[in-house]
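Notes to accompany the following structure.
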Amino acid sequence: GLGNSYEKTVGENGHESLKKKPGFYRDSRMLERLGRVARRLVPVVERQDLTYHFTILDSDELNAFALPGGYVYVTKGLMKTISSDDELAGVVGHELGHVDKKHGLKQAGKSGLMALVIALMGANDDAKKFQKAAAIAALFANLKFSRDDEFEADRQAVKYTMKAGYRPDGLLQFFGRINKDGKLTSVTKYFSTHPPTMERIKRVQDEIKKRGGRVLAQVPVDPPQYSPPPERLPNPQNPPSSSSRPDISLKLAYEDYMYAKNQYEYKVSQGAPVEEVMSAFRKYQVAKERYFKLKAAMGR
Numbered sequence: 033g034l035g036n037s038y039e040k041t042v043g044e045n046g047h048e049s050l051k052k053k054p055g056f057y058r059d060s061r062m063l064e065r066l067g068r069v070a071r072r073l074v075p076v077v078e079r080q081d082l083t084y085h086f087t088i089l090d091s092d093e094l095n096a097f098a099l100p101g102g103y104v105y106v107t108k109g110l111m112k113t114i115s116s117d118d119e120l121a122g123v124v125g126h127e128l129g130h131v132d133k134k135h136g137l138k139q140a141g142k143s144g145l146m147a148l149v150i151a152l153m154g155a156n157d158d159a160k161k162f163q164k165a166a167a168i169a170a171l172f173a174n175l176k177f178s179r180d181d182e183f184e185a186d187r188q189a190v191k192y193t194m195k196a197g198y199r200p201d202g203l204l205q206f207f208g209r210i211n212k213d214g215k216l217t218s219v220t221k222y223f224s225t226h227p228p229t230m231e232r233i234k235r236v237q238d239e240i241k242k243r244g245g246r247v248l249a250q251v252p253v254d255p256p257q258y259s260p261p262p263e264r265l266p267n268p269q270n271p272p273s274s275s276s277r278p279d280i281s282l283k284l285a286y287e288d289y290m291y292a293k294n295q296y297e298y299k300v301s302q303g304a305p306v307e308e309v310m311s312a313f314r315k316y317q318v319a320k321e322r323y324f325k326l327k328a329a330m331g332r
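Read in this note's numbering, the sequence shown has 296 at position 264, and its numbers run on one by one without any break.
Spelled out as structure tokens, the structure:
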């Protein structure tokens, strides 16, 4: 297994890279809410050997994730969508569950990310070090966990929220509401890494009841199943049906972004040489930036 120093190195480097891009968001009301929830959750988590850091990222994507070593991130987009401390406690509790159980490190080990980590630790050139740290941070932000890891993090979230005095069905409330809003493009990110399957929802409800809590959240009976768009084919047989130009350009930019992301994740999962991984990572960042700039310009 990886020692705490590894965890710390990855966390610290990833944190520095996220500080530059997308940058930290310093809205005092949002920070106050996150701090308030974090202060109640941290004393009840299992791992007390870590110093926890909670940060809001300046991104409109809906996402929450953790880096090894106790670094927990929630995007500004997600903070805007949260309607109560109970919901936030559920979302943050879930990420703390991943940290407690070292799921991120385990998943990273499976995906060949450790080669990058080891290269990062050996890098003495700052620019190289920074690139590698950025790749690692992006990887953790997009990490897909196994179903069992998701269930386990959910169980931890229920346990922590109850111990901290929050409603244990906050996570379900959150699912229910963003399912209803269905602002798919921004929601896709959170749901592609945390699919709210019926089985997951049912297990959370069972866990709450098992611990003597009450489930009040209204969860849609059949949430849409979010799956990432398929790999782009070189010559699509069915061009976008919409005839308006801006929509087509946005759709193509989105496909580029997803294609670059898939390529990058594939390289990492195959344990490709670090240079190839870095090159794929840069293409992914460029495509992602283009898509979000275009989306913002169109007021989406």
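Where a beta carbon is used, it is the ideal one built from N, C-alpha and C, also for glycine.
So which of the options has the shortest CA-CA distance to residue i?
| i | options | result |
| --- | --- | --- |
| Asp288 | Leu326, Val300 and Met310 | Leu326 |
| Glu184 | Val247, Lys299, Arg235 and Leu175 | Arg235 |
| Val76 | Lys320, Asp90, Val124 and Ser37 | Val124 |
| Ala285 | Ser311, Glu297, Met310 and Ala328 | Ala328 |
| Val42 | Gly154, Gly55, Gln80 and Ile88 | Gly154 |
| Gln139 | Gly122, Ile168, Ala151 and Asp118 | Ile168 |
| Asn174 | Lys40, Asn45, Tyr296 and Ala196 | Tyr296 |
| Thr336 | Glu93, Ala196, Lys191 and Asp186 | Outside the modelled stretch of the chain, which goes from 33 to 332, sits residue 336, for which no answer is possible. |
| Pro305 | Thr113, Gln317 and Ala151 | Ala151 |
| Lys191 | Ser311, Ser115 and Leu73 | Leu73 |
| Lys40 | Tyr298, Val149 and Phe177 | Val149 |
| Ser224 | His47, Phe207 and Arg68 | Phe207 |
| Arg332 | Tyr57, Glu93 and Lys176 | Glu93 |
| Phe177 | Asp238, Tyr316 and Gly141 | Gly141 |
| Met62 | Val300, Gln237, Glu78 and Thr113 | Thr113 |
| Ala147 | Lys320, Glu321, Val300 and Tyr316 | Val300 |
Measure the C-alpha to C-alpha separation of residue i and residue j and round it to an integer number of angstroms.
| i | j | result |
| --- | --- | --- |
| Asp59 | Leu66 | 11 Å |
| Tyr64 | Thr107 | The amino acid at residue 64 is misidentified as Tyr; the sequence shows Glu. Going by the C-alpha atoms only, they are around 15 Å apart. |
| Ala70 | Arg199 | 15 Å |
| Leu50 | Met194 | 31 Å |
| Arg32 | Ile210 | For residue 32 there is no data in the structure shown, the boundaries of the chain being 33 and 332. |
| Glu182 | Glu308 | 30 Å |
| Asn45 | Lys160 | 12 Å |
| Lys241 | Ala189 | 14 Å |
| Gly136 | Tyr84 | 15 Å |
| Gly122 | Asp201 | 7 Å |
| Gln80 | Leu128 | 12 Å |
| Leu204 | Asn156 | 45 Å |
| Ser116 | Ser143 | 35 Å |
| Ile280 | Tyr323 | 12 Å |
| Met330 | Met290 | 19 Å |
| Pro227 | Ala170 | 19 Å |
| Ser311 | Ile233 | 39 Å |
| Gly55 | His126 | 23 Å |
| Tyr222 | Ala96 | 7 Å |
| Phe86 | Arg68 | 11 Å |
| Phe172 | Val104 | 11 Å |
| Asn294 | Arg246 | 40 Å |
| Gly197 | Glu78 | 16 Å |
| Arg179 | Leu282 | 32 Å |
| Ser37 | Ala292 | 32 Å |
| Glu48 | Leu82 | 18 Å |
| Met158 | Tyr57 | Note that residue 158 is Asp in the sequence shown here, rather than Met. Distance between the alpha carbons of Asp158 and Tyr57 is about 25 Å. |
| Pro255 | Leu120 | Per-residue confidence for Pro255 stands at a pLDDT of 42, beneath the threshold of 50, marking its modelled position as unreliable; no derived number is given. |
| Lys320 | Ile88 | 19 Å |
| Tyr316 | Gln237 | 38 Å |
Can you name the residues that DSSP bridges to residue i?
| i | result |
| --- | --- |
| Val106 | Ile88 and Ala96 |
| Phe56 | Leu89 |
With a threshold of 16 other CB atoms inside 10 Å of the CB of residue i, please say whether the residue is buried or exposed.
| i | result |
| --- | --- |
| Glu231 | exposed |
| Ser91 | buried |
| Gly244 | exposed |
| Leu248 | exposed |
| Val318 | exposed |
| Ser273 | Note on Ser273: pLDDT 45, under 50, position unreliable in the model; the coordinate value appears next. It counts as exposed. |
| Asp118 | buried |
| Lys52 | exposed |
| Glu239 | buried |
| Tyr298 | exposed |
| Asn267 | At Asn267 the pLDDT is 41, less than 50, meaning the model places this residue with poor confidence; the figure from the coordinates comes in the next sentence. Asn267 should be labelled exposed. |
For the stretch 99–107 against the stretch 151–167, do three or more pairs of beta-carbon atoms, one drawn from each stretch, fall closer than 8 Å, so that the two count as touching? no
With three or more C-beta pairs closer than 8 Å as the rule, is the stretch 128–144 touching the stretch 109–120? no
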